[in-house]
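Reviewing the structure listed below.
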């Protein structure tokens, strides 16, 4: 993500700890439930969450994960995520501006929500290739993104999951968990 894009998110997190009402909005809660359904009941091994924002999804994922690396590109968001997951000692918030190496070499699950369309096509391919290397065979990828475009997107929302999975160059099995007029949550399994 460009420095200008990260600066915009940093400003939003400086002005409010919940600029998109992700902790309190009913639609966001429905999306979070779909993400949790995609993850399954747990316990889940090593989980990587990219672009954790303020930690609203992280706080829901942490109780199910044996290890959670919740990453965020801004210092402000990383701090908010750290506060959200503080009760879970096996969860940590880390600053990571993508594309960049991941904190661990291998994960059982990767969660990506509301990120991909902020990346340039080139950066998205780099992230896709990195996930293909970091997700263990048989691992799970959860994708949750808008289906409609917003003014600050670098790419169109339509087809974002398909474009991302094409960049992974891996054999996958994708299933829609929940779709509304505004967003979609999918669970992807890497096939052996």
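Numbering (this note's numbering), first residue to last: -3 to 188. Note that the Cβ used here is the ideal one computed from N, Cα and C, for glycine as well.
Selection from the options that minimises the alpha carbon distance to residue i
i           : options            : result
residue 88  : 125, 128, 46       : 46
residue 30  : 109, 150, 153, 168 : 109
residue 1   : 159, 102, 69       : 69
residue 180 : 127, 38, 144       : 144
residue 136 : 3, 18, 23, 40      : 40
residue 73  : 48, 54, 130, 56    : 48
Local Cβ density within 10 Å of residue i, reported as buried at 16 or more and exposed below that
i           : result
residue 171 : exposed
residue 50  : buried
residue 155 : exposed
residue 12  : exposed
residue 141 : buried
residue 26  : exposed
residue 62  : exposed
residue 157 : buried
residue 67  : buried
Own chain residues within Cβ distance below 8 Å of residue i, not counting five before or after
i           : result
residue 14  : 20, 50, 52
residue 130 : 44, 98, 100, 101, 102, 103, 106
residue 126 : 95, 97, 98
Cutoff 6 Å; reference residue i; Cβ partners in own chain excluding five residues on either side
i           : result
residue 99  : 65, 90
residue 167 : 187
beta-carbon residue i near the ligand ATP non-hydrogen atom, thresh 7 Å
i          : result
residue 80 : Annotation note on the ligand ATP: not contained in the displayed structure, which lists no ligands.
Practice prompt. Determine contact between the stretch 79 to 89 and the stretch 116 to 133, defined as no fewer than three beta-carbon pairs at a distance below 8 Å.
Written response: Counting Cβ pairs under 8 Å, fewer than three are found: no touch.
Fill in: Cβ contact check for the stretch 30 to 40 and the stretch 86 to 100: 3 or more pairs under 8 Å
They do not touch, by the three-pair rule.
Worksheet entry | Entirely enclosed beta strand (DSSP E) segments - the stretch 113 to 168, minimum 3 residues | Listed in chain order, they are 131 to 142.
Worksheet item: Which runs of the alpha helix (DSSP H), 4 residues or longer, sit entirely within the stretch 7 to 91?
Response: Within the stretch 7 to 91, the complete alpha helix (DSSP H) runs of at least 4 residues are 22 to 35, 52 to 57, 71 to 81.
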